[in-house]
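Asker:
Residue numbers (this note's numbering): 16 to 426.
#1: Measuring CB to CB, does residue 255 end up less than 7 Å from residue 321?
#2: Any idea what DSSP makes of residue 15, helix, strand or coil?
#3: Report the rounded CA-to-CA distance for residue 391 versus residue 196, giving the unit in angstroms.
#4: Locate the alpha helix (DSSP H) running through residue 53, then write down its first and last residues.
#5: Give the secondary structure of residue 75 by DSSP, where H, G and I count as helix, E and B as strand, and everything else as coil.
#6: Shortest alpha-carbon distance to residue 155 belongs to which of 173, 106 and 144?
#7: With DSSP as the reference, label residue 113 as helix, strand or coil.
#8: Classify residue 99 as helix, strand or coil using the three-state DSSP reduction.
#9: Would you call the CB atoms of residue 314 and residue 376 closer than 7 Å?
#10: Using 10 angstroms around the beta-carbon of residue 173, count the other beta-carbons present and answer buried if the total reaches 16, otherwise exposed.
#11: Is residue 327 buried or exposed, if buried means 16 or more other CB atoms sit within 10 Å of its CB?
#12: Can you give me the C-alpha to C-alpha distance between residue 221 and residue 201, rounded to a whole angstrom?
#13: State yes or no: is the C-beta of residue 130 within less than 7 Å of the C-beta of residue 97?
#14: I need the DSSP call for residue 154, collapsed to helix, strand or coil.
#15: With a threshold of 8 Å, are at least 3 pairs of Cβ atoms found where one atom belongs to the region 366-381 and the other to the region 268-284?
#16: Could you check where the alpha helix (DSSP H) with residue 336 kicks off and where it finishes?
#17: Which residues does DSSP pair with residue 280 in a beta bridge?
#18: Can you grab the Cα-Cα spacing for the pair residue 124 / residue 240, in whole Å?
#19: Mapping DSSP to helix, strand and coil, what is residue 382?
#20: Quick one: using the 10 Å Cβ neighbour count with 16 as the cut-off for buried, is residue 119 buried or exposed?
#21: Helix or strand or just coil, what does DSSP make of residue 37?
#22: Can you tell me the Cα-Cα spacing of residue 309 and residue 330, whole angstroms?
#23: In the DSSP assignment, find the unbroken beta strand (DSSP E) run with residue 244 in it and report its ends.
#24: Contact check, residue 143 vs residue 235 under 8 Å by CB: the rounded distance?
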């Protein structure tokens, strides 16, 4: 849809309003109009802030004036916290949730000016601009590839740390769909921890470093840069931390609390100046009880599942979600590609013995579960000793699930 062709009078009024704004405003310079290859009408302009020109572009969408224009940095920079990611559009006073067709591109430029000058009112000064936009957690983090998941009790503990006194910090993370997801594991020394996280599934990468609480005056200046990382580490005057800053064979992680906000950044291994990985902080909601109170006794229950295929794998996953604390898994088969269409497993399990694959599935749901794996075929050609041992363990369980569809197993 080419709005400027179907509504030429509105297009003329838009250009006139921006020309009038440039004439009366010394902060708006070098407005240049152009069309994109997709026939989008754009206005490149410079917004002057503290004597420096900030290059921006106003882009009219195809559905204007029923949708708001976007203002984005031409150099792909991260200009403000009120922005949809680095290089993304600024989140201004006029947005899709409160848009009115009478709002003009000139008014969008004025809103951008209020935002950027409000955050930097004077040289060396930083301020926060109130936001009327309440984003969901999903909206605020969807552009972040690295994420730190913060339990509520950890946030409360960090807020009570002494100012500028570093303490040990350990996290564990894993990669999924191109994202790195980090879970705090410990605050304080291993011998006398201040806080410890809940047990999580195995196979994660450990990250070690320190946590520090900064005065509120640092608000707005906590940045994922080597210069900031270097300044904080050296200000601690801790020789062990400075040594890791100068040279490290693994990532060096720093957790910062400042004025109620929590930041995590991780310095790449190597020597000298190097890359700093930035993590988006995700505050975890306090878990409300999802299971009936009487399910609590299942943590002491034991279940034997003989046959870890289509039925057995699904039963195991469901019981793990219910909170069953101990499993005995028995199966002599492997997971093959054809099993993926039926099992509660996926391609990552193909080639594994079924008890191993289902054990991993259980642990990914309930990390505290105890799982015994028996890779044998009951009723098949197995040693008598192995069969007897398996039968004894099966017999000691509270519930036995026959998911084999094979009458020979219990003969």
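Where a beta carbon is used, it is the ideal one built from N, C-alpha and C, also for glycine.
Answerer: In short, the structure shows the following:
#1: If you number the chain shown from 1, residue 255 lands on position 240. If you number the chain shown from 1, residue 321 lands on position 306. Going by C-beta atoms, residue 255 is not nearer than 7 Å to residue 321.
#2: Look at the range of the chain in this structure, 16 to 426, and you will see that residue 15 is not part of it.
#3: In the chain shown, the residue the question calls residue 391 occupies position 376. In the chain shown, the residue the question calls residue 196 occupies position 181. So the two alpha carbons sit approximately 36 Å from each other.
#4: What you label residue 53 is simply residue 38 of the chain shown in a count that begins at 1. In the DSSP assignment, residue 53 falls outside any alpha helix (DSSP H) and carries neither an H nor an E.
#5: Translated into the one-based positions of the chain shown, residue 75 becomes position 60. Secondary structure at residue 75: coil, using DSSP grouped into helix, strand and coil.
#6: On the chain shown, residue 155 is found 140 positions in, with the first residue counted as 1. 106 is the residue among 173, 106 and 144 whose C-alpha sits nearest the C-alpha of residue 155.
#7: Translated into the one-based positions of the chain shown, residue 113 becomes position 98. In the three-state reduction of the DSSP assignment, residue 113 falls in the coil class.
#8: Within the chain shown, the letter at position 84 stands for residue 99. The answer is coil: DSSP assigns residue 99 none of H, G, I, E or B.
#9: As a position in the chain shown, residue 314 is number 299, starting the count at 1. As a position in the chain shown, residue 376 is number 361, starting the count at 1. Cβ distance not < 7 Å, so residue 314 and residue 376 don't count as in contact.
#10: If you number the chain shown from 1, residue 173 lands on position 158. Buried, since its Cβ has 16 or more Cβ neighbours within 10 Å.
#11: Taking the first residue of the chain shown as position 1, residue 327 is located at position 312. By the neighbour-count definition (other C-beta atoms within 10 Å, threshold 16), residue 327 is a buried residue.
#12: Here the question's residue 221 lines up with position 206 in the chain shown. Here the question's residue 201 lines up with position 186 in the chain shown. Residue 221 and residue 201: Cα-Cα distance of roughly 11 Å.
#13: Here residue 130 is taken as the residue at index 115 of the chain shown, counted from 1. Here residue 97 is taken as the residue at index 82 of the chain shown, counted from 1. Yes, they are a contact pair.
#14: Working through the chain shown from its first residue, we reach residue 154 at position 139. In the structure shown, residue 154 sits in a helix (DSSP, three-state: H, G or I).
#15: By the C-beta criterion, the region 366-381 is judged not to be in contact with the region 268-284, since fewer than 3 inter-stretch pairs fall below 8 Å.
#16: The count along the chain shown starts at 1 and reaches residue 336 at position 321. Counted as a single uninterrupted DSSP element, the alpha helix (DSSP H) harbouring residue 336 occupies residues 325-337.
#17: To locate residue 280, count along the chain shown from 1; it is residue 265. BP columns for residue 280 point to 269 and 293.
#18: As a working note, residue 124 is residue 109 in the chain shown. As a working note, residue 240 is residue 225 in the chain shown. For the pair residue 124 and residue 240, the Cα-to-Cα distance works out to about 29 Å.
#19: Taking the first residue of the chain shown as position 1, residue 382 is located at position 367. Reduced to three states, the DSSP call for residue 382 is coil.
#20: Along the chain shown, one-based indexing puts residue 119 at 104. Flag for residue 119 reads buried.
#21: For this step, residue 37 is matched to residue 22 along the chain shown. DSSP places residue 37 in helix when its eight states are reduced to three.
#22: Counted from its first residue, the chain shown places residue 309 at position 294. Counted from its first residue, the chain shown places residue 330 at position 315. Their backbone Cα atoms lie some 20 Å apart in a straight line.
#23: Looking up residue 244 in the chain shown gives position 229. Note, residue 244: premise wrong, no beta strand (DSSP E); alpha helix (DSSP H) at 241-251.
#24: Here residue 143 corresponds to residue number 128 of the chain shown, with the count starting at 1. Here residue 235 corresponds to residue number 220 of the chain shown, with the count starting at 1. Taking a contact as a CB-CB distance under 8 Å, the pair residue 143 and residue 235 counts as one, their CB atoms being some 7 Å apart.
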